[in-house]
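This report concerns only the one structure given below.
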Amino acid sequence: MVNAHYIFDPMCGWCYGASSLIGQLDQIKGIHLQLHPGGMMQRTPISEDFRQHILASDQRIAELTGQVFGEDYLKKVAAGDPLILDSYITAQAIMATQHLGYSAVDMLEKIQRAHYQSGLPVSQPETLAELAGQLDIEVQAWSAAMDEAESKVEAEIQRTRNMMQRFNLGGFPSMLIEENGQWRNVTVSHFYRQPEQWRAFWEGMLEPGQSPA
């Protein structure tokens, strides 16, 4: 078993760009994928200047990764409609999903698609509850899990920050491999638009005596 530690932020555009790679990795048997959410923004209303930065960055992300940003999202950012980014409540939702025995990767993907494609307000509990319903999570169970995750989300984000500091990780997304007590960094951006090479890299990790560069 190879442990893959994914350091991400739900509101990070580059993490959305890497989402297809993460979804692919989650399906490889023998890889134990663990998610470590960051706390980039906490209920932050987006200013006009930052909107322009977001639009330019998103264009760059789309070019390099091939990910599609939806028209509803782009219009919302460009038009100056109210937009609040919250890494904490979205991380909380991912933690709640995992606590209930559902896929954290699936919830992350739903949050990213809801935000970056449909322009939905994923900082709102109601939107996150709707996404949980799409995973067939029962309403009362979801509410209880979100309450529990709320009490733990700050500590979880701090653990992520400590990990980033320990391994000198510059930002999101980052990936670490943990195997036989040894840790090493994987540069996710090297595999943008290269799903075959990405799969080959991880499958090579599972071969006895193999440690691909």
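Residue numbers for the sequence shown, in my numbering: -17 to 195. Just so it is clear, CB atoms sit at the ideal spot from N, CA and C, and this is done for glycine as well.
Rounded to the nearest angstrom, what separates residue i and residue j at their Cα positions?
{"i": "K203", "j": "T79", "result": "Limits of the chain in this structure are -17 at one end and 195 at the other, which puts residue 203 out of reach."}
{"i": "D31", "j": "G101", "result": "19 Å"}
{"i": "Q41", "j": "Y174", "result": "15 Å"}
{"i": "P177", "j": "I119", "result": "31 Å"}
{"i": "I13", "j": "Q24", "result": "31 Å"}
{"i": "Y98", "j": "L46", "result": "16 Å"}
{"i": "Q140", "j": "A182", "result": "33 Å"}
{"i": "V121", "j": "T72", "result": "17 Å"}
{"i": "T142", "j": "P19", "result": "6 Å"}
{"i": "W165", "j": "H172", "result": "19 Å"}
{"i": "G83", "j": "D129", "result": "16 Å"}
{"i": "S125", "j": "P107", "result": "10 Å"}
{"i": "F51", "j": "A123", "result": "32 Å"}
{"i": "L3", "j": "S133", "result": "30 Å"}
Looking at the structure shown, is residue i part of a helix, part of a strand, or coil, going by DSSP?
{"i": "N(-15)", "result": "strand"}
{"i": "F(-10)", "result": "strand"}
{"i": "N144", "result": "helix"}
{"i": "R42", "result": "helix"}
{"i": "P19", "result": "strand"}
{"i": "I36", "result": "helix"}
{"i": "I28", "result": "coil"}
What span of residues does the beta strand (DSSP E) with residue i cover, start to end?
{"i": "E161", "result": "156 to 161"}
{"i": "Q164", "result": "164 to 168"}
Indicate whether residue i and residue j have their beta-carbon atoms separated by less than 8 Å.
{"i": "D8", "j": "V87", "result": "yes"}
{"i": "P155", "j": "A60", "result": "no"}
{"i": "M89", "j": "L117", "result": "yes"}
{"i": "M187", "j": "H(-13)", "result": "no"}
{"i": "D159", "j": "V170", "result": "Correcting the residue type first, residue 159 is Ile in the shown sequence and not Asp. No, the Cβ-Cβ distance between I159 and V170 is not below 8 Å."}
{"i": "S105", "j": "D68", "result": "yes"}
{"i": "M201", "j": "I(-11)", "result": "The structure shown does not extend to residue 201, since the chain is modelled only from -17 through 195, so no value can be given for it."}
{"i": "Y(-2)", "j": "Q147", "result": "no"}
Under 8 Å by Cβ, that's how I've got residue i and residue j pegged, so tell me the actual separation to the nearest angstrom.
{"i": "I66", "j": "T26", "result": "7 Å"}
{"i": "G(-5)", "j": "S29", "result": "At roughly 16 Å, the Cβ-Cβ gap does not stay under 8 Å, so G(-5) and S29 are not in contact."}
{"i": "I43", "j": "Q49", "result": "6 Å"}
{"i": "A131", "j": "Q74", "result": "5 Å"}
{"i": "Q6", "j": "W180", "result": "6 Å"}
Need the endpoints of the alpha helix (DSSP H) that residue i sits in, please.
{"i": "R181", "result": "177 to 187"}
{"i": "L7", "result": "1 to 8"}
{"i": "G87", "result": "Sequence check: residue 87 is Val here, not Gly. Looking at the DSSP string, the run of the alpha helix (DSSP H) that includes V87 is 86 to 98."}
{"i": "S69", "result": "69 to 81"}
{"i": "S105", "result": "No alpha helix (DSSP H) holds S105; DSSP gives it neither H nor E."}
{"i": "V121", "result": "121 to 132"}
{"i": "D118", "result": "Careful: D118 lies outside any alpha helix (DSSP H) and carries neither H nor E."}
{"i": "K58", "result": "53 to 61"}
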